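Residue numbers (mature numbering (1 follows the signal peptide of the UniProt record, and there is no 0)): -24 to -1, 1 to 517.
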């Protein structure tokens, strides 16, 4: 009798838990995107753009922490196509990363469905094509992840928000294929001709009301140039960087490098008139500038010149500003715990990797190498080869942890083996005269230091081990270094690449293989039922 009563109670408890689990399931947001070519004319001259649902830029994803995202992507191009989610961590699901090292591309006139969760994330991100040079002519868009209502933000909630995607643009090329041919012929790309904001040049307007505050989410979705962003007569209060709440420093202008995103809050406190929103290139000759308008509701007064002044080639200015961008240790993250509770500076580093990029010639054509290896994608994605133990696709000894001075560059599929939960120091050494930008898929990292010259172990004494910002893309200044700490707690094969597309397309990338000896759904999802197969990988029977 007692056993029967206990069983009834147990069944009741389980039933209640089942109801709770069903009701507590995180929301789903479903999208169907059709990718096509279309005529666009940002400067009055027809060019072939890449559109999503007929839009350039593509539609934004507006999500909330822990939302489940489903994107059915229909490829109507004449080439294989993939989209990658820039900064979205893809917890335990490298299969959705959308790069050629993890996914077979979506063939023309077919579709594939991405499924992933904004697990414990907030912030300003974006998506773009990872295949060929598609992103130079479109296919990109915003990914904005708002905080759940039960979690507070460390600043006054703005009265509204605007999303700005700043891209560089080539007016003298008819399509991405013309840019691609130039690279494949072994030549560098010229300096871009112009900048666009949300696909427009000097023609957009954003309207707000006097006395209110607005969040501006700004992403550099270009392929080549760092930018400086500013608003005439207004101060920018930086509140978030690629998913991390930061100290609320105020800036007259802020540098945003290729692949990076920020969110700033702007108080509309000026006289009711129109003001210029300005984006201009950094470290280029000539300097390229584009504008939009911040319009005070009810104003009939147009903006007036001159445009607000910006730094030009001042590298020290930019590096000094970068050091002021630090984590807000008292702020909540996506979960109700302080971001600073993870004391990254006290954790033992188990491995140091120094990556030096270089321009080189292979077979008399321009290439870019990392530690002597210029990356070439195998026809079989690395992840599929690793999962199914397919031999002959990649070699874990191809690339070394440190560069070998004087060694000739060669082609290869660079994969660095690491162990799940390794805590790793990565130093990006830039021995060239242009600014570099590096992005890591699957994880955020702590930017612990920037400096000029050649990195040495003694420089660790200058690291910020208290409140360094976490982000997924870091700039490396000319003839300088940048250092990051990263906890490799996301199992999979993850792309580490130059965000400057010429360099990435011609070999400046590699992959981190984060693995352990067990296969568990707690650390990594199984191969998805709709997975595409190509090269040596065949669908299991």
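Idealized CB from N, CA, C, for every residue including glycine. Just so we're clear, the structure is a prediction, and the values are computed from it rather than from any experiment.
Query, Result
"Suppose contacts are defined by Cβ-Cβ distances below 9 angstroms. Is residue 60 in contact with residue 75 by that definition?", "yes"
"Can you tell me which of 14, 31, 29 and 70 puts its alpha carbon nearest to the alpha carbon of residue 23?", "14"
"Report the start-end ranges of each alpha helix (DSSP H) in the segment 121 to 151 that is 4 residues or longer and not cut off at the edges.", "none"
"According to the neighbour-count rule (16 or more other Cβ atoms, all chains shown, within 10 Å of its Cβ), is residue 21 buried or exposed?", "exposed"
"For the alpha helix (DSSP H) containing residue 478, list its first residue and its last residue.", "477 to 481"
"Tell me which residues share the same chain as residue 355 and place their Cβ nearer than 8 angstroms to its Cβ, disregarding the 5 neighbours each side in the sequence.", "510, 511 and 512"
"Hey, could you find the ends of the beta strand (DSSP E) residue 337 is sitting in?", "327 to 338"
"Suppose you measure from the CA of residue 138 to the CA of residue 386; what does that come to, to the nearest Å?", "45 angstroms"
"Check whether the segment 412 to 429 and the segment 36 to 47 are in contact - that is, three or more C-beta pairs closer than 8 angstroms.", "no"
"DSSP has residue 250 in a bridge; who is on the other side?", "271"
"CA-CA distance, residue 175 and residue 359?", "34 angstroms"
"Just to confirm my understanding: we take residue -19, look at its own chain, exclude 5 residues before and 5 after, and list those with CB closer than 8 angstroms. What are they?", "Because the pLDDT of residue -19 is 44, which lies under 50, any placement of that residue in the model is unreliable, and the number read from its coordinates should be weighed accordingly. The answer is none, since no qualifying residue turns up."
"For residue 50 versus residue 107, is the C-beta spacing smaller than 9 angstroms?", "no"
"Output the boundary residues of the alpha helix (DSSP H) element that contains residue 293.", "291 to 299"
"Please name the residue, chosen from 455, 446 and 40, that lies closest to residue 300 on a Cα-to-Cα basis.", "446"
"In three-state DSSP terms, what is residue 61?", "strand"
"What is the DSSP secondary structure of residue 438, counted as helix, strand or coil?", "helix"
"Would you kindly work out how many angstroms separate the C-alpha atoms of residue 413 and residue 330, rounded to a whole number?", "15 angstroms"
"Keeping to the same chain, check which residues put their C-beta closer than 8 angstroms to that of residue 101; ignore five residues upstream and five downstream.", "61, 62, 63, 64, 118, 119, 120, 121, 195, 218, 219 and 237"
"Could you check what DSSP says for residue 359 in three-state terms: helix, strand or coil?", "helix"
"Suppose you measure from the CA of residue 504 to the CA of residue 364; what does that come to, to the nearest Å?", "14 angstroms"
"I think residue 287 touches residue 204, with their Cβ atoms under 8 angstroms apart; what is that distance to the nearest whole Å?", "6 angstroms"
"In terms of DSSP beta bridges, what is residue 193 paired with?", "139 and 239"
"For residue 179 and residue 276, what's the separation of their Cα atoms in angstroms?", "17 angstroms"
"When the distance is taken between beta carbons, is residue 268 closer than 9 angstroms to residue 173?", "yes"
"From the DSSP output, read off the bridge partner residues of residue 398.", "464"
"Thinking just about the alpha-carbon of each residue, which of 308, 232, 85 and 271 is nearest to the one in residue 126?", "308"
"What's the call for residue 580, buried or exposed, on a 16-neighbour Cβ count within 10 Å?", "Given that the chain is displayed from residue -24 to residue 517, the structure contains no residue 580 and the question cannot be resolved."
"My output table needs one value for residue 158: the three-state DSSP class, helix, strand or coil.", "helix"
"Per DSSP, which residues does residue 255 bridge with? Please list them.", "205 and 266"
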